[in-house]
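Using numbering that gives the first Met the number 0, the first residue of the sequence shown is number 0, and each one after it goes up by one.
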Amino acid sequence: MSIVNIRFFSYIFLFFFILVGYFSYSLADEPLLLKQNEDEFEDHVGNKFEAEMKSRNDSVSAAMEGWLLPQYLISKRKEEIIKYVVPKGAAIGKIIYKKNNGPPSADLLKDNQVIGYIFETYDWVQGTGYSRKPYHIITSIDLKGQIIGVRLMWHTEPIAILGRTDDDLHDFLVQYPGKKINKGISLVLEMSGSVLNKNKVAMRSTAGDTSNLQPVDGISRTTTTSILLNDSVMRASRKVARFRNINLSSQDLGIILNIEKFSEQSWPELISSGSVVKLKISNGDIMEKFNLLENIKAPRKARLSKEKDTWTTIYIAAVTPAGIGANILGRRWYDQYVITGRNVDDLVFWVGFEGPASFYDKAVKLDKNIAFKTLKIKQNGKIYDLTPGMYKPLPFHHAKKGAPDMEEQGLFYFTKQNSPNPTKNIELEYLVKGDIGEKEVKPDQTNSVVFSMNYIVPENFINKDAVVNKEFGKDTGFNWQATWRDKYVLVTLSFITVLLAILFLVFKDFISKRRILHKFIRMGFLTWILLWLGWIAGGQVSIIHLASFIQGLIDGGGFAAFLAEPAIVIIGLTAVIFAPIWGRALFCGWLCPFGAMQELLNKIAINVGIKQKHISANLDKKLKLGKYIVLVVLAGTFIYSFDLGLSASSIEPFKTAITFRFNAPFLAVSWVLILLFVGLFIERAYCRFLCPLGAATAVIGKVRIFNFLHRHDECGNPCKACVPVCPTQAVKASGQIDMNECFQCLDCQVMYFDKKKCPPLVAKFKS
Numbered sequence: 000m001s002i003v004n005i006r007f008f009s010y011i012f013l014f015f016f017i018l019v020g021y022f023s024y025s026l027a028d029e030p031l032l033l034k035q036n037e038d039e040f041e042d043h044v045g046n047k048f049e050a051e052m053k054s055r056n057d058s059v060s061a062a063m064e065g066w067l068l069p070q071y072l073i074s075k076r077k078e079e080i081i082k083y084v085v086p087k088g089a090a091i092g093k094i095i096y097k098k099n100n101g102p103p104s105a106d107l108l109k110d111n112q113v114i115g116y117i118f119e120t121y122d123w124v125q126g127t128g129y130s131r132k133p134y135h136i137i138t139s140i141d142l143k144g145q146i147i148g149v150r151l152m153w154h155t156e157p158i159a160i161l162g163r164t165d166d167d168l169h170d171f172l173v174q175y176p177g178k179k180i181n182k183g184i185s186l187v188l189e190m191s192g193s194v195l196n197k198n199k200v201a202m203r204s205t206a207g208d209t210s211n212l213q214p215v216d217g218i219s220r221t222t223t224t225s226i227l228l229n230d231s232v233m234r235a236s237r238k239v240a241r242f243r244n245i246n247l248s249s250q251d252l253g254i255i256l257n258i259e260k261f262s263e264q265s266w267p268e269l270i271s272s273g274s275v276v277k278l279k280i281s282n283g284d285i286m287e288k289f290n291l292l293e294n295i296k297a298p299r300k301a302r303l304s305k306e307k308d309t310w311t312t313i314y315i316a317a318v319t320p321a322g323i324g325a326n327i328l329g330r331r332w333y334d335q336y337v338i339t340g341r342n343v344d345d346l347v348f349w350v351g352f353e354g355p356a357s358f359y360d361k362a363v364k365l366d367k368n369i370a371f372k373t374l375k376i377k378q379n380g381k382i383y384d385l386t387p388g389m390y391k392p393l394p395f396h397h398a399k400k401g402a403p404d405m406e407e408q409g410l411f412y413f414t415k416q417n418s419p420n421p422t423k424n425i426e427l428e429y430l431v432k433g434d435i436g437e438k439e440v441k442p443d444q445t446n447s448v449v450f451s452m453n454y455i456v457p458e459n460f461i462n463k464d465a466v467v468n469k470e471f472g473k474d475t476g477f478n479w480q481a482t483w484r485d486k487y488v489l490v491t492l493s494f495i496t497v498l499l500a501i502l503f504l505v506f507k508d509f510i511s512k513r514r515i516l517h518k519f520i521r522m523g524f525l526t527w528i529l530l531w532l533g534w535i536a537g538g539q540v541s542i543i544h545l546a547s548f549i550q551g552l553i554d555g556g557g558f559a560a561f562l563a564e565p566a567i568v569i570i571g572l573t574a575v576i577f578a579p580i581w582g583r584a585l586f587c588g589w590l591c592p593f594g595a596m597q598e599l600l601n602k603i604a605i606n607v608g609i610k611q612k613h614i615s616a617n618l619d620k621k622l623k624l625g626k627y628i629v630l631v632v633l634a635g636t637f638i639y640s641f642d643l644g645l646s647a648s649s650i651e652p653f654k655t656a657i658t659f660r661f662n663a664p665f666l667a668v669s670w671v672l673i674l675l676f677v678g679l680f681i682e683r684a685y686c687r688f689l690c691p692l693g694a695a696t697a698v699i700g701k702v703r704i705f706n707f708l709h710r711h712d713e714c715g716n717p718c719k720a721c722v723p724v725c726p727t728q729a730v731k732a733s734g735q736i737d738m739n740e741c742f743q744c745l746d747c748q749v750m751y752f753d754k755k756k757c758p759p760l761v762a763k764f765k766s
């Protein structure tokens, strides 16, 4: 390859990664809060509610302002609500609503006595799902703060529905009746196929006393949906309980603190407002304090370093209020680690050490019940020991705009039995141990110095007005960046996978000249794509992802939740960005797990002697139109009804074979097995004749401006040696290659460079 070509592709790689980074961060900057589509909702609830509501004076104000509960309660789905949310013998009473004094909720009555309240979660917390659209969940609680019933009324979860039905979501929420809303929820998943077989593992584990947390089984392979549903139900239930003066705990922090108040703040703003307190300690500060001690030297590191250099910088913040915690931890971590994942009276502090020094030696194994010797909290003379068991280390934070990286950081959990008062000043003490000098140290002499910093929750987070209003615009949101950071290994491997596929095509000549190397790379990489990208990483892009993305562009709902699946985003953007260069070949030929499965099974079939079926050129041309017909039909279905489109997209075998690894209904598995069986005789039959996603990528690939596949002058006339070599019959009898059907498997290129098998080369070297 010439220097010019290498430089050209280097620019392409640079352009690719810049574009991926730009799309990843810019597409999701829009807020997730959605403006309800009124026509869509009217169809959903089943009637035009306005006329009826005008005759109901108790609810007309709430309904006309767009609150959802009153609309549901006069819809044709009211009987469904009564069945699942209202206890037997009870009835729905008057809707309580006053303008600018909180969203509506209705009394639950039994024998004319109020026994609880019923509400719609989106009215209170505006919870959105993976699909970027609202969850509409009707929930009821009793006067003791216990959930009575939960019913999911409406959602649009195109990703969750891959292999999952509404029944799976309902079954998940059925676990909530009986749960106490003053206790945190621990979402767990049952492990299988490993040493942890049948064990249940917490999806978001915390620290401290977790004995009172209530386990709820998450929905396998749709963990994001589980988390978002849980957050909607629990946060809304707690808000309603506080609004209706239900006593959840004598130390309910939702009463003591204004935990819902939120506005996005940069790191300097958090510091200047006192939400985060900072203490910078230099080596000179260390030396100065130790100089006051007799026969005790400063630590060796401080003595050998410049006095002006930093020993460490310490930060502390009470992260229970959303205005502090969500700005430091991000919304997703905040909800799980601080709010819905913990009891209402659990106080959580975030402590960070910018370094280079930290507060404990990571190389030393710590007893979780023995207090750290170098860090403690004091309040009014009382010492609150900090133990490893109370501490959840975090790999990073999610603070924005100017926040430094931390050498060590994490959360300390305090339960109500042993917790400082969050409305009063606390003192964080950091102890630095020195080196003993030459003289003997007196028994009562200390060999350490202490640095102290004071912290108090800012006054604006001390709850003076518990009234909840409808301004929740910045109080919700799915922090997709947190997901990418959580899955940094998956993200890294996905980028490496994409880069390898690109490199294989860039250096195709080098590979194609070496038949054995080509076979090794091709089979090895396809195995990786199937096993890791498909079955482990869940990186099978489908037509549903494309439809959801287009819908997001049209309805302006934002893309943050769409970006919750990093592998899907990376593979999908790669396919689109490189379409002008390789058409559909990069994705279909190298990055599609189901395509890899078909090809690998076909190679096994050939090796065991199964004869391949060659289709006539005329029939092949007609059959290949099938995928475009399927694409057009699906596109029309999605336009008519997105939900119907989701059902129609079941023609894709991806969710059964890849996403759920054949753990699917009988008919779905049977359909996949039929396709794979046909693929034993006709390589990639589904890809060639039926795949709507392949058709879509082929259409996008029409803008292809390069063709890197080599041809001899003799190709097609008279030589036709490459025609039977192409597994997808993309090489025509004329010698031309139909790039809309070419997967760039490079089989024809291996033949092109083979001096022993390519007739033009054989003739050339004989002469």
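Built from N, CA and C at the ideal position, the CB exists for glycine as well.
These numbers come from a predicted model, not from an experiment.
Shown here, TRP589 sits in a helix according to DSSP, grouped into three states. Boundaries of the beta strand (DSSP E) around ARG150: 146–153. Out of GLY177, TRP66 and ARG660, the CA that lies nearest to the CA of GLN125 is found in TRP66. Membership of ILE510 in the alpha helix (DSSP H) is indicated by the continuous run 507–511. For the pair GLY700 and LEU227, the Cα-to-Cα distance works out to about 36 Å. Close CB contacts of LYS626 within its chain, under the 7 Å cut and outside five residues either way in sequence, are with PHE688, LEU689, CYS690, PRO691, GLY693 and ALA694 (chain order). Looking only at ALA604, THR339, LEU532 and TYR116, the smallest Cα-Cα distance to GLY571 is reached by LEU532.
Cβ-Cβ separation between GLN112 and ARG203: approximately 39 Å, too far for a contact (criterion under 8 Å). In the structure shown, the three-state DSSP call for ASP141 is strand. Per DSSP, PHE665 lies in no beta strand (DSSP E); the unbroken alpha helix (DSSP H) holding it starts and ends at 665–680.
Around GLU598, the same chain offers LEU525, GLU682 and ARG683 as residues with beta carbons nearer than 7 Å, after the five sequence neighbours per side are excluded.
Rounded to whole angstroms, the gap between the alpha carbons of ALA634 and LEU393 is 44 Å. Contact between the segment 242–258 and the segment 393–403 is absent: fewer than three C-beta pairs spanning the two stretches fall below 8 Å. Taking 8 Å as the upper bound for CB-CB distance, THR339 and ARG234 are in contact here, some 6 Å apart. Between the C-alpha atoms of HIS169 and ILE549 there is a straight-line separation of about 28 Å. ILE280 is not a Cβ neighbour of PHE460, given a cutoff of 9 Å.
Contact annotation, ILE180 with ALA240: C-beta distance approximately 6 Å; criterion of less than 8 Å satisfied.
The Cβ atoms of VAL431 and ALA356 lie closer than 9 Å to each other.
Note on ASP166: under 16 other CB atoms within 10 angstroms of its CB, so exposed under the neighbour-count rule. In this structure, THR311 lies near GLY354, with their beta-carbon atoms less than 9 Å apart. The shortest C-alpha to C-alpha distance from GLY253 to any of PRO176, GLN264 and SER236 is the one to SER236.
The three-state secondary structure of HIS396, taken from DSSP, is coil. In its chain, beyond the 5 residues on either side, LEU489, SER493, LEU532, ALA536, GLY537 and GLY538 have a beta carbon closer than 7 Å to the beta carbon of ALA566.
DSSP lists VAL350 and PRO392 as the bridge partner or partners of GLY409. Its chain contains SER272, GLY273 and SER274 as the residues whose beta carbon lies nearer than 7 Å to that of PRO457, once the 5 sequence neighbours on both sides are disregarded; these appear in chain order. Looking at PRO726, GLY734, LEU529 and LEU172, the one whose alpha-carbon comes closest to that of LYS612 is PRO726.
According to DSSP, ILE184 shares a beta bridge with GLN213.
Looking at the DSSP output, ASP434 shares a beta bridge with LYS296. Counting along the chain, ILE91 sits inside the beta strand (DSSP E) bounded by residues 90–95.
The C-beta distance from GLU407 to ILE376 rounds to 17 Å, too long to meet the 8 Å contact threshold.
If you ignore the 5 residues before and after ARG710, its C-beta comes within less than 7 Å of the C-beta of GLY734, all in its own chain and listed in chain order. A contact between stretches requires three or more CB pairs, one per stretch, nearer than 8 Å, and the segment 320–329 fails this requirement with the segment 212–231. The Cβ atoms of CYS686 and GLY594 lie closer than 9 Å to each other.
For LEU427, the secondary structure class from DSSP, reduced to helix, strand or coil, is strand. For TRP310, there is no enclosing alpha helix (DSSP H); the residue is found in the beta strand (DSSP E) stretching over 309–317.
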